[in-house]
Amino acid sequence: TFIEATIEVFNTSNNEPLSSSEIYNLIKDKIKTKGKTPQLSLNTILHRSDLFLRIDNKPDRFIYKRYVSNNIKESLMENGFA
1289 TFIEATIEVF NTSNNEPLSS SEIYNLIKDK IKTKGKTPQL SLNTILHRSD
1339 LFLRIDNKPD RFIYKRYVSN NIKESLMENG FA
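So our numbering is basically just the index in the sequence shown, starting at one, shifted up by 1288.
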């Protein structure tokens, strides 16, 4: 699934902030999809999932919550990124 592949990307990239297009470029050969816009589907999944935090705008960049301390999570929420 997109989520499993995305988690694998973050696990191997030291949780470096990545945009949905960067993530898609890393997983597109591992995921088989029949959709017309898989990159947009991934972007929607990242925005809706509670596993990932949006940390930047334009482009949105995401990190995997598992590796983020509670202090950083609270700071991101206070600043409107989560």
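Just so you know, even glycine gets a beta-carbon here, dropped at the ideal spot from N, CA and C.
Open item on the list: Any contact between the segment 1318 to 1329 and the segment 1343 to 1352? By contact I mean 3 or more CB pairs, one from each, below 8 Å.
Closed with: Short answer: they don't touch.
- [ ] Compare the C-alpha of Ile1371 against each of Lys1320, Ser1308, Glu1296, Tyr1355 and name the closest.
- [x] What is shown of the chain runs 1289 to 1370, which leaves residue 1371 out entirely.
- [ ] Decide if Tyr1312 is buried, meaning its Cβ has at least 16 other Cβ atoms within 10 Å, or exposed.
- [x] It counts as buried.
TODO: Would you mind working out which of Asp1317, Glu1310, Thr1300, Lys1316 sits nearest Tyr1355, comparing C-alpha positions?
DONE: Residue Thr1300 is the option with its Cα nearest to Tyr1355.
Open item on the list: For a minimum of 4 consecutive residues, which ranges assigned as the alpha helix (DSSP H) are wholly contained in the segment 1307 to 1338?
Closed with: If we require 4 residues or more, the alpha helix (DSSP H) runs fully inside the segment 1307 to 1338 come out as 1308 to 1315, 1326 to 1336.
TODO: Would you list the one or two residues that DSSP bridges to Tyr1352?
DONE: DSSP lists Phe1340 as the bridge partner or partners of Tyr1352.
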